[in-house]
Amino acid sequence: MCGIAGIFSFTGGKPAQPWELRAMASMVRHRGPDSIGFYRNRRVGLAHARLSIIDPTGGQQPLHSPDRGLSLICNGEIFNYRELRRDLLAWGYDFQTESDSEVILALYRRYGLDFVHRLNGQFALALWDVREERLVLARDRVGILPLFYSRQGERLLFGSEVKALLPLFDRTPRLNPVALDQLMTFWAPLAPETMFEGVHSLLPGHMLIVTRDETRLRAYWDWHFPDQGDWRGQSEAHLAEELREWLSDAVRLRLRADVSIGTYLSGGLDSSALTALAAAQSDDRLNSFSIGFGEGSGYDETPYQSMLAESLGTLHHTVVCQPTDIVSRFPEAIWHTEAPVLRTAPVPMCHLSARVRGTGCKAVLTGEGADEVLGGYDLFKEMKIRRFWARQRHSVWRPLLLRRLYPYLNLNGQRAPAYLEQFFGMGLARADSPLFSHLPRWITTARCKLFFSESLQAELTGGDALGGLQASLPQDWERWHSFNQAQYLEAKTLLSGYLLSAQGDRMLMANAVEGRFPFLDHRLIDFAAGVSPHLKMKVLNEKYLLKRAVADLVPADICRRPKQPYRAPDGPAFFAGDEADYVRELLSEETLQRYGYFDARRVMHLLSKARQGRAIGAKDNMALVGILSTQLWHCLFIENFQQRFSGAGHDSRNHLDTGETDVDNRKDQTAYSGELLVHRRSGGLGG
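Heads up: the sequence shown at position 656 corresponds to 656 in the UniProt record's numbering, and the numbers run straight through without jumps.
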């Protein structure tokens, strides 16, 4: 994977300047430290920071068609490029490199805008068609890789990260209240919203087609499920075998590289299955990587990870993340997420990718997507029980079934039913709501918004995060099984918005490591969509079909082991021992009032509990991390905008003065500096 950026001039009167392209590229150089390439003419400018994985010597970008009528920058991998290349060679296309990305040019030449349907990969790309004077931006089906854009006057700016656009802004950006409202409900803004007002995220499975006369979105893929009851008719054994074949082939394709590839090994079913399949298809001993938190932390899974590594014969590496690491690396994580977070879980992932890169691996296979595609989350079990309970809402014993899901909760027998009833009873009367499956979690998360300031609440008057999501649901939604509906909601909110972004791509690419996701191969997704929900979750046995499919690969103890959610030390870590300077300053009453997002009085009351070492519940914990990370986001991107962005790349104004293209192998980059400047000055909402 790489970093891309560019400029489109609608009038041609303000073409991209060399220093502008260099400024944009410098902001995403951490994604592609191996080389930088540029292309520009009067209408478009393209910049590419490369992480070389396939064809390291010949695959520099931008890539061009033989007649130079097409130019391309691509972040990502096209995993079926060999098969596509063979067909396109037979068609007569004259390839210039061995790069996987070059097949995109040939496919576009042959199929036009339908080229995306033939790609099996993860990508965010920009393709310039000289003859049509048309720019095509495209993002992969499920949103593994990010792509942002913003209209600035007569130009469209785009890039892999928002920070690539900011050096060309003529004024300090402003927080987008709608995005913060969504984040405090779903854990992430929903595309096309971003935390930056006027900056948009290209929707997964979409293209943005830009000409001098128009800018239009075109959808080419979405998660889709059959009508209820219209499931695949094969036997359970046949479906398990077919799932195994799809997964094995997805792993095979994602092992294609000219560099070393490893795996993330969490200690659970998904990563174990991937590692076993990868080890069986690898000529060399596989590197595996895990996070540990130390004994007694409540989060540690290293015993399972070590057992699996020994069983599978991998060369295993463990990174132990302490609470002090969470605190010290939190600003760096927010610099890369470009958005607040409600949990600290991304921070250890950044720590882990640094270790991966240190071993020489440039890519890892990882198990994200398995729970969404094959029914692994507790949320799906909760929904089944809640629907059963909703049919007799006043039943005493029906809600007690929830205790089977969470035997590890440290609650006495009398308190447990009351706690579970209170939480999972939220939204119980709304069993006909399309969002029923997620209401307890989203209602609970939304309580973070109780800390919003009056001015922020006023900006959100009339807004409705849940209503907006409901309005975007597919037309055939009502014909789907409720289990499939829950899968769709999870995929469109937490998966693409948070797990693949803040906790995925951003933490991997912070250290120039590519993540590859076999469970998100679109062929596997489409296959699994047609499988009966009763085989994805048999009674309350999650991912039943996957367990059957990989039973001979994964130790039985792992298949039987209850799913343990990935978590990391959260809010209390920031107040154990000496409080970090940035925490104290950003959460001071004066800074809270100056930034203007939160009610300082309410926040100070919450901080008082945390600083006294008093136990805080899940809602307060999310609020604490969310408030701190929002303050940190403002400090990094708004308050320090001039220092961080306005001068980026200006020292290179004379580079690329002549000529149309260039490749630069210098290693300069603008990275997170670790310096936080919290200014004491007056200012209202958004600084």
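Beta carbons: idealized from backbone N, C-alpha and C, even for Gly.
From a predicted model like this one, the values you see are computed outputs, not experimental measurements.
- When the five nearest sequence neighbours on each side are left out, the beta carbons in the same chain lying within less than 7 Å of the beta carbon of residue 116 are those of 138, 207, 220, in order along the chain.
- Assignment of residue 392 by DSSP, reduced to helix, strand and coil, places it in the coil class.
- Judged by DSSP secondary structure, residue 537 falls outside any alpha helix (DSSP H); it is assigned neither H nor E.
- For residue 30, there is no enclosing beta strand (DSSP E), since its DSSP letter is neither H nor E.
- Beyond the five residues adjoining it in sequence on each side, residue 352 comes within less than 7 Å, by CB distance, of 289, 291, 319 in the same chain, given in chain order.
- For residue 141, the three-state secondary structure derived from DSSP is coil.
- Counting only the Cα atoms, residue 261 lies some 12 Å from residue 283.
- Between residue 321 and residue 568, the CB-CB gap stays under 8 Å.
- Residue environment analysis places residue 315 among the exposed positions, since fewer than 16 neighbouring C-beta atoms fall within 10 angstroms of its C-beta.
- The count of Cβ pairs closer than 8 Å, one atom from the region 245-261 and one from the region 35-55, reaches three, so the stretches are in contact.
- Using a Cβ-Cβ distance cut-off of 8 Å, the region 494-509 and the region 177-189 are in contact, since at least three pairs of beta carbons, one from each stretch, lie closer than that value.
- DSSP places residue 513 in the coil class of the three-state scheme, outside both helix and strand.
- Sequence-distant partners of residue 145 (beyond 5 residues in either direction) whose C-beta falls short of 8 Å from its own C-beta, in its chain, are 1, 75, 76, 122, 123, 124, 139, 160, 505.
- Counted as a single uninterrupted DSSP element, the alpha helix (DSSP H) harbouring residue 620 occupies residues 618-634.
- Within the same chain, Cβ atoms closer than 8 Å to the Cβ of residue 94 are found at 66, the five residues on either side in sequence being excluded.
- Non-local beta-carbon contacts of residue 423 in its own chain, meaning distances under 8 Å to residues more than five positions away in sequence, involve 440, 444 in chain order.
- DSSP places residue 638 in no beta strand (DSSP E); its state is neither H nor E.
- Of the other Cβ atoms in all chains shown, 16 or more fall within 10 Å of the Cβ of residue 485; this residue is therefore buried.
- Note that the C-beta distance between residue 170 and residue 344 is not below 8 Å.
- In this model, residue 537 and residue 377 are separated by some 10 Å (Cα to Cα).
- When the five nearest sequence neighbours on each side are left out, the beta carbons in the same chain lying within less than 7 Å of the beta carbon of residue 621 are those of 570, 571, in order along the chain.
- Sequence-distant Cβ neighbours of residue 610 in its own chain, meaning closer than 7 Å and more than five residues away, are 571, 572, 575, 616, 624.
- Assignment of residue 77 by DSSP, reduced to helix, strand and coil, places it in the strand class.
- Within the region 203-255, complete alpha helix (DSSP H) segments of at least 4 residues are found at 236-254, given in chain order.
- Distance check between residue 636 and each of 268, 164, 25, 331 places 331 closest, using alpha-carbon atoms only.
- Annotation for residue 334: 340, 341, 629, 632, 633, 636 place their beta carbon closer than 8 Å to its own, counting only its chain and skipping 5 residues before and after.
- Distances from the alpha-carbon of residue 201 to those of 119, 240, 608, 150 put 150 closest.
- In this structure, the CA atom of residue 328 is about 51 Å from the CA atom of residue 87.
- Taking a C-beta distance under 8 Å as the contact criterion, residue 266 and residue 554 do not qualify as a contact pair.
- Positions of the alpha helix (DSSP H) runs, each at least 4 residues long and wholly inside the region 329-390, are given as 346-358, 370-374, 378-390 in order along the chain.
- CA-to-CA, the gap between residue 39 and residue 475 works out to about 42 Å.
- Taking C-beta atoms as the reference points, residue 34 and residue 22 fail to come closer than 8 Å.
- For residue 319, the beta-bridge partners assigned by DSSP are 291.
- For residue 338 against residue 162, the beta-carbon gap comes to about 5 Å, under 8 Å, which counts as contact.
- Residue 480 sits buried, since 16 or more C-beta atoms from the chains shown fall within 10 Å of its C-beta.
- Taking 8 Å as the cut-off, the beta carbon of residue 63 is found closer than this to the beta carbon of residue 99.
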